[in-house]
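So the sequence shown is numbered by my numbering: it starts at 40 and just counts up by one.
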Amino acid sequence: MLPAEPLDEAPLTAGEAPIGQRSTLFLIVSYRHPDSEQGAFDLEAFERRLLAEGNFRPKRIDDPTLLPHLNVQVQGGRLLRAYEPTAPLGNLFDPRARWVFERPPKPRRAAAPASADEADGDESRAPVQKKPSERGSDPGMPFKVVVPPRLYVIETGHVFVVLGVRPTTLTLGAFQDFYTAVVRRGYNHLLPERMPRRKAGRDGETRPHPLVAMAEKAAIKGTTLRDWLTLLVPGLPVEAPIGSWPNPMAVNVLFTEAMPGPADRYRLRLSHGSDQPIEPSQEDCRIEGHKAMWEPSARELCLFSPIGVTWLLWPLDPPGQLGQFDMAVLERYVYKWILVEHERLFLLNLSSQCARLSSRPDARVFGRMRLSLLQYTARFSVGHISSEERHDRFYCGLRAALDIGGLFDEVKAEITEIDEYLSDRRADLLNQVLAFLTLVLTPVGLVIGIFQRETLPAFDFELARLAMPGAWPLWRACLFHGPLWLLVLSAVAGTLGFVRLLGIGTLRSLFARVLRGRGADD
Numbered sequence: 040m041l042p043a044e045p046l047d048e049a050p051l052t053a054g055e056a057p058i059g060q061r062s063t064l065f066l067i068v069s070y071r072h073p074d075s076e077q078g079a080f081d082l083e084a085f086e087r088r089l090l091a092e093g094n095f096r097p098k099r100i101d102d103p104t105l106l107p108h109l110n111v112q113v114q115g116g117r118l119l120r121a122y123e124p125t126a127p128l129g130n131l132f133d134p135r136a137r138w139v140f141e142r143p144p145k146p147r148r149a150a151a152p153a154s155a156d157e158a159d160g161d162e163s164r165a166p167v168q169k170k171p172s173e174r175g176s177d178p179g180m181p182f183k184v185v186v187p188p189r190l191y192v193i194e195t196g197h198v199f200v201v202l203g204v205r206p207t208t209l210t211l212g213a214f215q216d217f218y219t220a221v222v223r224r225g226y227n228h229l230l231p232e233r234m235p236r237r238k239a240g241r242d243g244e245t246r247p248h249p250l251v252a253m254a255e256k257a258a259i260k261g262t263t264l265r266d267w268l269t270l271l272v273p274g275l276p277v278e279a280p281i282g283s284w285p286n287p288m289a290v291n292v293l294f295t296e297a298m299p300g301p302a303d304r305y306r307l308r309l310s311h312g313s314d315q316p317i318e319p320s321q322e323d324c325r326i327e328g329h330k331a332m333w334e335p336s337a338r339e340l341c342l343f344s345p346i347g348v349t350w351l352l353w354p355l356d357p358p359g360q361l362g363q364f365d366m367a368v369l370e371r372y373v374y375k376w377i378l379v380e381h382e383r384l385f386l387l388n389l390s391s392q393c394a395r396l397s398s399r400p401d402a403r404v405f406g407r408m409r410l411s412l413l414q415y416t417a418r419f420s421v422g423h424i425s426s427e428e429r430h431d432r433f434y435c436g437l438r439a440a441l442d443i444g445g446l447f448d449e450v451k452a453e454i455t456e457i458d459e460y461l462s463d464r465r466a467d468l469l470n471q472v473l474a475f476l477t478l479v480l481t482p483v484g485l486v487i488g489i490f491q492r493e494t495l496p497a498f499d500f501e502l503a504r505l506a507m508p509g510a511w512p513l514w515r516a517c518l519f520h521g522p523l524w525l526l527v528l529s530a531v532a533g534t535l536g537f538v539r540l541l542g543i544g545t546l547r548s549l550f551a552r553v554l555r556g557r558g559a560d561d
């Protein structure tokens, strides 16, 4: 019997070190439906419209590892719904076709205008993409689509599109460069002229990719992956949600010959290119106890970061279930990453609302925000997700990498502080009203209570008669009526006492609120 293979292989370096053929990047692009900003997102109506388009069909998330209370919500589609591409949409992404991610376009330099009319135009400021003949030696980032777009929709209106891609060059350095280019450097532009062409006849004729015709019909202006994916889902805005990474984020599965060395682990964890010199710290050189690294087994290492996850496996073709672990990640782990990312986006959206409304707090708006925070606590904030250690450790590692607990505490403190400020304003207004009632209206009420009907002169009073000839008897009855003068003097004295104690600005503010019909929180 041969001895077991030692587990302490020599560390690999970036460059020509080979990687497994199943190494995959699951690119994830996040959106937010516009109806969700007003709290009017209807998941059922969105699903009906989505299915009517014919690009996606419902997919059941079958994960028996979930805790029972979460399993009921996920299985029933009450918390999260998944959709897989139909056959026509899947055929648009041939796994044999070669795609190319291009670099971000640079704005064209504005030339000196020859006339005032040319100076008024803004075409020179628009970003342009060089033609292939003008691009020079930059070949872009070639890749193949191995998993057509999948859709995940959460009841809050956040939509996530997942696309599985593989770089055409299967080396560790090429994988690092592709990951860095797409996630950090903005290499996610797909030019129509460089999209794979479709076969149109037996004699080798070709035609443009169907997505090009869809883009012309929809009149999309951009060429980013985010722009192209909006063609497949109705009603999605191109803009990224508040707090979202501007480029696609990624959950990666990487098969290597052996565990990469500290420098390569650092590059893979934080998405740095293979040519970037790295000198890891002592903490990053150690795996045990590192808050962003986790060893599920002797031949696996999971690297967490705020912009993605990389799951390393070795050797290149591991036996058993690990040999097809890329599909396991897609089915069982990607949606867990989406749940955690949704928590982060949800909390960041609340935080941005606090910042936007802090200059003029409105109790009605913050009441809805407190309700949203309660919804987050009851529905989305889950400390543990699974009874299986691998799945739960993965989920908890994601929450730690994104600092979900710290972000929740920060948002809760912001809402609590503003709510306390509004409570103090309401208390101040109540004290002002009580002071006005006590100092001004109470003496008036006492005078009326003492004299009752004698407070006013005893005659049929009509305002129009005061301006008629012979109205002097009426004026005399009013001017020389003692209880009426006492009533007026008590009101004036109470008003002067109120102004003396609380200031004329307080009195002016009270009357302004009464005239405008506004409360203390407006």
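Idealized CB from N, CA, C, for every residue including glycine.
- Item | Distance, T208 Cα to F343 Cα | In the sequence shown, the residue the question calls residue 343 occupies position 304. In the sequence shown, the residue the question calls residue 208 occupies position 169. One C-alpha to the other measures close to 24 angstroms.
- Looking at the structure shown, is M298 part of a helix, part of a strand, or coil, going by DSSP? Within the sequence shown, residue 298 is the residue found at index 259, counting from 1. Correct three-state label for M298: coil.
- Message: Let me confirm a value: E92 is counted as buried when at least 16 other C-beta atoms fall within 10 Å, else exposed. Which label applies?
- Response: Here residue 92 is taken as the residue at index 53 of the sequence shown, counted from 1. The residue in question, E92, is exposed, as its Cβ has fewer than 16 Cβ neighbours within 10 Å.
- Can you name, in chain order, every residue of its own chain whose Cβ lies under 7 angstroms from the Cβ of L105, other than the five neighbours on each side? Residue numbering aside, residue 105 sits at position 66 when the sequence shown is read from its first letter. Correct list, in chain order: V113, I424 and S425.
- If you drop the 5 nearest sequence neighbours on each side, which residues of the same chain put their C-beta closer than 7 angstroms to that of L109? The residue labelled residue 109 in the question sits at position 70 within the sequence shown. Only V421 and I424 meet the Cβ criterion.
- Task: Determine the closest residue to R189 out of T416, P273 and R96, with distance taken between C-alpha atoms.
- Result: Along the sequence shown, read from residue 1 onward, the residue named residue 189 stands at position 150. Nearest option by C-alpha distance: R96.
- Item | Per-residue DSSP class, three states only, for P143 | Locating residue 143 in the sequence shown gives position 104, where the first residue counts as 1. Of the three classes helix, strand and coil, the one that applies to P143 here is coil, per DSSP.
- Query: In chain order, which alpha helix (DSSP H) runs of at least 4 residues are fully inside the segment 262-326?
  - Reply: 264-268, 301-309 and 321-324
- Cβ distance (whole Å) where N291 is taken to contact V221 below 8 angstroms: Residue numbering aside, residue 291 sits at position 252 when the sequence shown is read from its first letter. Residue numbering aside, residue 221 sits at position 182 when the sequence shown is read from its first letter. A Cβ-Cβ separation of about 11 angstroms leaves N291 out of contact with V221 under the 8 angstroms criterion.
- Message: What does DSSP give as the partner residue(s) for Y372 in the beta ladder?
- Response: Residue numbering aside, residue 372 sits at position 333 when the sequence shown is read from its first letter. In the DSSP output, where bridge partners are listed per residue, Y372 has none listed.
- Query: Skipping 5 residues on each side, what residues in its chain have a beta carbon closer than 8 angstroms to that of V198?
  - Reply: Reading the sequence shown from its first residue, position 159 is the one you call residue 198. Within the same chain, V198 has close Cβ partners S69, Y70, R71, H72, L190, Y191, V192, V272 and L275.
- Among all the DSSP beta bridges, which residues are the ones paired with R237? Your numbering for residue 237 matches position 198 in the sequence shown. For R237, which the question treats as bridged, DSSP gives the partners R246.
- Item | For P206, the nearest candidate out of Y218, T195 and V200 (CA to CA) | As a position in the sequence shown, residue 206 is number 167, starting the count at 1. Checking every option, the nearest Cα to that of P206 belongs to Y218.
- Query: Taking the alpha-carbon positions, what's the L528 to A466 distance?
  - Reply: Along the sequence shown, read from residue 1 onward, the residue named residue 528 stands at position 489. Along the sequence shown, read from residue 1 onward, the residue named residue 466 stands at position 427. Whole-angstrom Cα-Cα distance: 30 angstroms.
- Can you check DSSP and say which residues form a bridge with P206? Counting from one through the sequence shown, the residue named residue 206 turns up at place 167. Per DSSP, F182.
- Starting from E459 and walking both ways along the alpha helix (DSSP H), at which residues does that stretch end? Counting from 1 along the sequence shown, the entry for residue 459 is found at position 420. Unbroken alpha helix (DSSP H) run through E459: I443 to F475.
- Could you name each continuous alpha helix (DSSP H) segment of 4 residues or more that falls completely within the segment 331-383, going from the start of the chain to the end? 364-367
- Among L546, Q392, P496 and L478, which has the Cα closest to the Cα of A530? As a first step, residue 530 is located in the sequence shown; it is residue number 491 there, counting from the start. Proximity to A530 across L546, Q392, P496 and L478 peaks at L478, based on C-alpha coordinates.
- Query: If we call anything under 8 angstroms between Cβ atoms a contact, is F537 one with A474?
  - Reply: As a first step, residue 537 must be located in the sequence shown, where it is residue number 498. As a first step, residue 474 must be located in the sequence shown, where it is residue number 435. Cβ distance < 8 angstroms, so F537 and A474 count as in contact.
- If you count every other CB in all the chains shown that lies within 10 Å of the CB of S397, and 16 or more means buried, which is it? On the sequence shown, residue 397 is found 358 positions in, with the first residue counted as 1. Exposed.
- Answer yes if the segment 357-364 comes into contact with the segment 450-463, meaning at least three C-beta pairs across the two stretches below 8 angstroms, and no otherwise. no
- Query: Can you tell me whether T94 is buried or exposed, with buried defined as 16 or more other CB within 10 angstroms of its CB?
  - Reply: Within the sequence shown, the letter at position 55 stands for residue 94. Note that residue 94 corresponds to Asn in the displayed sequence, not to Thr. The residue in question, N94, is buried, as its Cβ has 16 or more Cβ neighbours within 10 Å.
- Tell whether a beta-carbon distance below 8 angstroms holds between L384 and V450. Stepping through the sequence shown from its first residue, residue 384 is reached at position 345. Stepping through the sequence shown from its first residue, residue 450 is reached at position 411. No. Outside cutoff.
- Could you spell out where the alpha helix (DSSP H) holding T63 opens and where it closes? Against the sequence shown, residue 63 aligns to sequence position 24. Note, T63: premise wrong, no alpha helix (DSSP H); beta strand (DSSP E) at T63 to R71.
- Message: Please classify D124 as buried or exposed, where buried requires at least 16 other C-beta atoms within 10 Å of its C-beta.
- Response: Locating residue 124 in the sequence shown gives position 85, counting from the first residue. For clarity, residue 124 is Pro in the given sequence; the question names Asp instead. That one is buried.
- Query: Cα-Cα, which of G521, M507 and L119 is closest to F490?
  - Reply: By one-based count along the sequence shown, residue 490 stands at place 451. It is G521 whose Cα lies nearest to the Cα of F490.
- Task: Check L105 in the structure and name its three-state DSSP category.
- Result: As a working note, residue 105 is residue 66 in the sequence shown. Correct three-state label for L105: strand.
- Task: Consult DSSP for V201 and reduce its assignment to one of helix, strand or coil.
- Result: Against the sequence shown, residue 201 aligns to sequence position 162. In this structure, V201 counts as strand in the three-state DSSP scheme.
- Quick check: the segment 56-63 against the segment 292-307, are there 3 or more CB pairs under 8 angstroms? They touch, by the three-pair rule.
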